[in-house]
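K.L.:
Dropping a structure here in structure tokens format, bear with me for questions.
There are 2 protein chains.
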Amino acid sequence: MELKILNKINEPKDLKNLTVEDMKKLAGEIREVLLEKVSQDGGHLGPNLGMVEATIAMHYTFNSPIDKFVFDVSHQTYTHKILTGRKEAFINPEKYDTVTGFTNPKESEHDFFTIGHTSTGVSLASGLAKGRDILGGEENILAVVGDGSLSGGEAYEGLDNAAISKSNIIILVNDNDIAITENAGGLYENLALLRETEGKAENNIFKALGFDYYFVKDGNDIKSMIDIFEKVKDVNHPVLIHMYTLKGKGYEPAVENEEKFHWTRPFDLETGEVLGKLPESYLDIIDNFLIEKAKNDKKIVAITAATPSTVGLNKFRKVLKNQYINVGIAEEHAVAFASGIAKRKAKPVASFFSSFIQRCYDQLSQDLAINDNPATILVCGGGISGNAETHLSVFDIPLISNIPNIVYLAPTSQEELEAMMDWAIDQEKYPVIIRIPTGKVVSTGVKIKSNFYDLNKFVLDKKGEKIAIIGLGTFYSLGETVREKLIEKGFNPTLINPRFISGIDGELLEELMKNHELVITLEDGILDGGFGGKIARYYSDKPMKVLNFGAQKVFTDNVPLEELYKRYELMPEQIVEKIEKEL
Amino acid sequence: MELKILNKINEPKDLKNLTVEDMKKLAGEIREVLLEKVSQDGGHLGPNLGMVEATIAMHYTFNSPIDKFVFDVSHQTYTHKILTGRKEAFINPEKYDTVTGFTNPKESEHDFFTIGHTSTGVSLASGLAKGRDILGGEENILAVVGDGSLSGGEAYEGLDNAAISKSNIIILVNDNDIAITENAGGLYENLALLRETEGKAENNIFKALGFDYYFVKDGNDIKSMIDIFEKVKDVNHPVLIHMYTLKGKGYEPAVENEEKFHWTRPFDLETGEVLGKLPESYLDIIDNFLIEKAKNDKKIVAITAATPSTVGLNKFRKVLKNQYINVGIAEEHAVAFASGIAKRKAKPVASFFSSFIQRCYDQLSQDLAINDNPATILVCGGGISGNAETHLSVFDIPLISNIPNIVYLAPTSQEELEAMMDWAIDQEKYPVIIRIPTGKVVSTGVKIKSNFYDLNKFVLDKKGEKIAIIGLGTFYSLGETVREKLIEKGFNPTLINPRFISGIDGELLEELMKNHELVITLEDGILDGGFGGKIARYYSDKPMKVLNFGAQKVFTDNVPLEELYKRYELMPEQIVEKIEKEL
Chain A
1 MELKILNKIN EPKDLKNLTV EDMKKLAGEI REVLLEKVSQ DGGHLGPNLG
51 MVEATIAMHY TFNSPIDKFV FDVSHQTYTH KILTGRKEAF INPEKYDTVT
101 GFTNPKESEH DFFTIGHTST GVSLASGLAK GRDILGGEEN ILAVVGDGSL
151 SGGEAYEGLD NAAISKSNII ILVNDNDIAI TENAGGLYEN LALLRETEGK
201 AENNIFKALG FDYYFVKDGN DIKSMIDIFE KVKDVNHPVL IHMYTLKGKG
251 YEPAVENEEK FHWTRPFDLE TGEVLGKLPE SYLDIIDNFL IEKAKNDKKI
301 VAITAATPST VGLNKFRKVL KNQYINVGIA EEHAVAFASG IAKRKAKPVA
351 SFFSSFIQRC YDQLSQDLAI NDNPATILVC GGGISGNAET HLSVFDIPLI
401 SNIPNIVYLA PTSQEELEAM MDWAIDQEKY PVIIRIPTGK VVSTGVKIKS
451 NFYDLNKFVL DKKGEKIAII GLGTFYSLGE TVREKLIEKG FNPTLINPRF
501 ISGIDGELLE ELMKNHELVI TLEDGILDGG FGGKIARYYS DKPMKVLNFG
551 AQKVFTDNVP LEELYKRYEL MPEQIVEKIE KEL
Chain B
1 MELKILNKIN EPKDLKNLTV EDMKKLAGEI REVLLEKVSQ DGGHLGPNLG
51 MVEATIAMHY TFNSPIDKFV FDVSHQTYTH KILTGRKEAF INPEKYDTVT
101 GFTNPKESEH DFFTIGHTST GVSLASGLAK GRDILGGEEN ILAVVGDGSL
151 SGGEAYEGLD NAAISKSNII ILVNDNDIAI TENAGGLYEN LALLRETEGK
201 AENNIFKALG FDYYFVKDGN DIKSMIDIFE KVKDVNHPVL IHMYTLKGKG
251 YEPAVENEEK FHWTRPFDLE TGEVLGKLPE SYLDIIDNFL IEKAKNDKKI
301 VAITAATPST VGLNKFRKVL KNQYINVGIA EEHAVAFASG IAKRKAKPVA
351 SFFSSFIQRC YDQLSQDLAI NDNPATILVC GGGISGNAET HLSVFDIPLI
401 SNIPNIVYLA PTSQEELEAM MDWAIDQEKY PVIIRIPTGK VVSTGVKIKS
451 NFYDLNKFVL DKKGEKIAII GLGTFYSLGE TVREKLIEKG FNPTLINPRF
501 ISGIDGELLE ELMKNHELVI TLEDGILDGG FGGKIARYYS DKPMKVLNFG
551 AQKVFTDNVP LEELYKRYEL MPEQIVEKIE KEL
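Just so you know, the protein sequences line up as chains A and B, in that order.
Here the first sequence is numbered in the UniProt record's numbering, starting from 1 and rising by one per residue.
Here the second sequence is numbered in the UniProt record's numbering, starting from 1 and rising by one per residue.
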């Protein structure tokens, strides 16, 4: 790779003397760099390829960090990072890990927020603008939003408020005609109409909200972008620029398969084939099970908020199109919608990624739980992970299990998961949420026929004495390992599968007191507000010691899983050591 | 009151043979009934007076409960209740309490959901419509939304999805030119434009979303409403009717002061004066304190999501208009907006009613906590109450205190509240949330000068032995009462004010082990996921008994406060009895 121009760019001001032709060449060099890095290291490819020119034009025209850019979701900021002193992290493979995949104020003064969830950018930018006005600043505030985020309620609340502000705020809508998956909703039909008419259609949601609206038909043309930015720079009122860009631009496989390359694992640059094959996961289990069940029961409908492949609906959506609904990035709607479907006696199954279900606590409580409608909700990916701090999935247990009326279940194996889904979908009594296990699929090979009407009934799997291990969901197998190690040391521990996260089995816990002196709980989530705390509270005035194992209440950012396990003292040896100390 | 027509109406079908003239008379009778009841018993007056005619027309034209009505917020459903077999609860003072203030499926087959939070109606109705389509039903689904709800993100997500559905759904937008307070946002400017042009303006947000749009200029005219309903009944696609109604219609004081009569305590029908005067509350403390502080610091800005008078900004908004922002019903935006303002180094104070802060968990976590911006958030009304099940405020402790980085504080007196607000607003280190006490104001008369940088430092107020009482926030005074009762019985209990909800003081808890054998915790919220559980976990393997007192994880509906205290064993005698049993 020869990076003639990029080699000379170390900060935004180095752009200022380039010609448009130079900047076009720079865009080409950046694309090469992005393709090289993402093909080797994985990451968000399509969104970044689409934003190269607009980002160059932003930094050419405006004066960052005095002028402030807020990138919604911030998964499209690789070019921004390259232009703001962080190019080594993209050019030099040894430094690939020195930047995160999102904006990050700890990395650079050009980043203002850590952002990873969608639809927040306009509100955050509005805050910067208001702060500027209060303090008498004069800089431009520019929010980049799009790529599916516009369907989220927070984006609308932000636009609705930004539109009536009386000072400078520039909203750049990056319309690439695609979210993570196909777009859904009237808004996207309006965007299509505006694209067709080059912004001239009478029906225009942005004008209706009150924005001074501009359309740019080719957001991948640097000159067009510089022109529009020069025009709106230093405006004294809210402005919205609607630009059309090509997601994946410059890499044919990413243009042809926008979804596959929205975020990708490492791939062969030549063929576009992703390297390595993922082993079967619990997402496959969900997918296969739901397809089989829904084929035979047309009352079943599967719902996703724009992320079918991370919530076990990847095959379902192709095989059973008529029983599949993608509501777009709109988690709040998804939950209320499912509640309404269940009320009308059909069978909704709405599946979410754990970190994103955080967006609809109030809907789970008000629209679903108070109304006690028997919808089935799946929570995928829950548990400790090496994810970015914006995508942690360790908070769902405190969030969900403390809502009245909701039955929150934690299966420990493929068969138990299938039995729980089967029951949840057919029963008509409770809102049921299932925490899908993560990691390697555990299969016992023995079909489970039980139902789960007998709420909060724990299962005593191995009857022992002195020590009782309660292993929740994914951590049941950790419980098995710990038990084996304790057996080696001459103990005979009891092992319990609690199955229910949202309540405890007082009878069984009482029974344990007869011949146990220590109960340990294992949960794959934070301890504060969690499952183990309920056990600790149960025994708090009784002669039983309790040790809770789980994650700490902290945001961790791309810390490897094994390191987190060690830090949280969740390695089997660490657990055994702590147990021995207690006895 | 002579109720010539209403006397003959016991169910919707009794309307079918009335003439329009009769229905107008019926509307007059219903208004009289509403005014009589609400003036005596309190309730939502303005929204109900505005919806009388439209509701009569709905029941005249459609066939409830086969055709299904979903009322957003459902505080405008008194006429609906009167027409669906529940008129006695409005006419007969002895039966006033036999219905709730919201729709309630337990009361009537004409009600489909328990709803009390705004902006959910379109999504819930979309679910009913989808369920109908799956099961091959043919009924009409009609959602009534408006009165400020349209600014909420969930309403937009619902509209965005409803607009592209391929079958019958009728959205009735009740545009009364007012939310609870003044409207805010570009949407409301668009509604005003549409009213002025009788729906003909080019800029039309509903058409932009794809709806088949109809405008009714007088939604209080029964004939107009019947005409439009006849026209859209049984349509095969999404339709949106935008009607203009007069909030408070028929009662001059309610028209003139729409906010005062949105919800009102009992009042003098003649003069419109509210009966009785409320004692000084913690909301007054907030209001007065913020006004004084903000007068001297122009960097301070107070933010509400449309409910200034229930969050301590009633005077503030009038006295310091330039430092006051009402973002409309848009809690998600409010939190992200505050985070952005704090990032830009101004000083936002965003105040919420506890039950409504549930709408922005993800924004508290992602937009605020991960970014660690020093915004101040106030949570008002938190604690056990006799409220409707949709307005309980017992869930904020599990919700907020288990988010990393957030400092959640619980003041026990006026002076401590003031010290906490003072510190929170000026410090630049943490996102701080303060749980405003409820009930009678406790004033020590002694100004507190301390800061709260020393996180999770509990205060040992009375040093005793054997029993330690940890009384959180509002329940600190309950702790004092319990302590006195124990002293009478010859004990000498320790009393602790923890101040921090989001963490524990390990050092102090360790110290207690020297000469205590029982720690009791008192918190005004649910125990599951709460504060006491953290204490129980701390001592779970140590020789200390712990008893947690607080609310159970259940939805309670208009249960009197004292009954709840008894049920949760929170009466001082009950607590003392349980303590004695332990020793």
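Positions of the beta carbon are idealized from the N, C-alpha and C atoms, including for glycine.
(1) With distances taken from CA atoms, which of A/Gly533, A/Leu364, A/Asn63 and A/Leu49 is nearest valine 255 of chain A?
(2) Using three-state DSSP, classify alanine 468 of chain B as helix, strand or coil.
(3) Buried or exposed for residue 616 of chain A, please, with buried defined as at least 16 other CB atoms from any protein chain shown within 10 angstroms of its CB.
(4) Using 10 angstroms around the beta-carbon of serine 450 of chain A, count the other beta-carbons present and answer buried if the total reaches 16, otherwise exposed.
(5) Which residue's Cα is closest to the Cα of leucine 124 of chain B: A/Ile469, A/Asp367, A/Asp528 and A/Lys318?
(6) Which residues mark the beginning and the end of the beta strand (DSSP E) in which serine 348 of chain B is found?
(7) Taking a Cβ distance cut-off of 7 Å, strictly less, list which residues of the segment 469-495 of chain B are near chain A, in chain order.
(8) Going by beta-carbon coordinates alone, are alanine 89 of chain B and isoleucine 222 of chain B separated by less than 7 Å?
(9) Output needed for glutamine 210 of chain A: all residues of its chain with C-beta closer than 8 Å, excluding positions within five of it in sequence on either side, in chain order.
(10) Just checking leucine 486 of chain A against the ligand COA - is the residue's beta carbon closer than 6 Å to any of the ligand's heavy atoms?
(11) Among A/Gly219, A/Phe206, A/Tyr213 and A/Lys207, whose alpha-carbon lies nearest the alpha-carbon of aspartate 177 of chain A?
(12) To which residues does DSSP link aspartate 175 of chain B through a beta bridge?
(13) What number of angstroms, rounded off, separates the C-alpha of leucine 34 of chain B from the C-alpha of glycine 550 of chain B?
(14) Could you work out which residues of chain A lie near arginine 132 of chain B, taking near to mean beta carbons separated by less than 8 Å?
(15) In this structure, how does DSSP classify glycine 185 of chain A when only helix, strand and coil are distinguished?
(16) Sort B/Ile170, B/Gly471, B/Gly532 and B/Phe62 by Cα distance to aspartate 14 of chain B and report the nearest one.
(17) Does the count of Cβ pairs from the segment 522-537 of chain B and the segment 464-479 of chain B closer than 8 Å reach three?
(18) Under the DSSP definition of a beta bridge, which residues are partnered with phenylalanine 500 of chain A?
(19) Output, in chain order, the set of chain A residues within a Cβ distance shorter than 8 Å of alanine 551 of chain B.
(20) Which of the residues in the segment 117-145 of chain A, read from start to end, lie with their CB under 7 Å from any CB of chain B?
(21) List the residues of chain A whose Cβ lies closer than 8 Å to the Cβ of glycine 199 of chain B, in chain order.
(22) If you follow the alpha helix (DSSP H) that valine 52 of chain A is part of, which residue opens it and which one closes it?
(23) Quick one: grab the DSSP three-state call for valine 379 of chain B.
(24) Under 7 Å, Cβ to Cβ, is there at least one residue of chain B near glycine 525 of chain A?
(25) Using Cβ-Cβ distances below 8 Å, what residues of the segment 376-387 of chain B are close to chain A?
(26) Going by DSSP, what residue range makes up the alpha helix (DSSP H) through arginine 567 of chain B?
(27) Taking the beta carbon of glycine 439 of chain A as the centre, do at least 16 other beta carbons fall within 10 Å, making it buried, or is it exposed?
(28) Select from the segment 198-219 of chain B all residues with a C-beta closer than 8 Å to any C-beta belonging to chain D, and list them in chain order.
(29) Give, in chain order, every unbroken run of the beta strand (DSSP E) that is at least 3 residues long and sits entirely within the segment 204-282 of chain A.
(30) At least one CB of chain A closer than 7 Å to the CB of arginine 537 of chain B: is that the case?
(31) In angstroms, rounded to a whole number, what distance separates the CA positions of aspartate 557 of chain A and isoleucine 357 of chain B?
(32) Can you look up leucine 570 of chain A in the DSSP assignment and give me helix, strand or coil?
(33) Considering just the uninterrupted stretch of the alpha helix (DSSP H) at lysine 343 of chain B, what are its terminal residues?
(34) Taking the beta strand (DSSP E) that valine 73 of chain A belongs to, which residues open and close that run?
(35) Taking C-alpha atoms, which residue in B/Gly131, B/Arg31, B/Tyr60 and B/Leu564 lies nearest to leucine 345 of chain A?
(36) Determine, using beta carbons only, whether tyrosine 156 of chain B comes closer than 7 Å to chain A.
P.N.:
In brief:
(1) A/Leu49
(2) strand
(3) In the structure as shown, chain A begins at 1 and stops at 583. Residue 616 of chain A is therefore absent and cannot be evaluated.
(4) exposed
(5) A/Asp367
(6) The sequence given here has proline at residue 348 of chain B, not serine. Segment 347-353, the beta strand (DSSP E) holding proline 348 of chain B.
(7) none
(8) no
(9) According to the sequence shown, residue 210 of chain A is glycine rather than glutamine. If we look at glycine 210 of chain A and ignore the five residues flanking it on each side, its Cβ neighbours are Ala163, Ile164 and Pro238.
(10) The model depicted lacks the ligand COA and carries no ligand whatsoever.
(11) A/Gly219
(12) B/Tyr244
(13) 38 Å
(14) Arg344
(15) coil
(16) B/Phe62
(17) yes
(18) A/Leu409
(19) Within 8 Å Cβ-Cβ: nothing; alanine 551 of chain B doesn't reach chain A, min ~10 Å.
(20) His117, Thr120, Ser123, Leu124, Ala125, Ser126, Gly127, Leu128, Lys130, Gly131, Arg132, Ile134 and Leu135
(21) The premise fails here: glycine 199 of chain B is roughly 13 Å from chain A at the closest Cβ pair, so nothing lies under 8 Å.
(22) 52-61
(23) strand
(24) no
(25) none
(26) 561-567
(27) exposed
(28) Chain labels in this structure do not include chain D; the protein chains are A and B.
(29) 212-216 and 238-244
(30) yes
(31) 27 Å
(32) coil
(33) 331-343
(34) Segment: none, valine 73 of chain A is in no beta strand (DSSP E) and carries neither H nor E.
(35) It should be pointed out that residue 345 of chain A corresponds to lysine in this sequence rather than to leucine. Closest by alpha carbon: B/Gly131.
(36) yes
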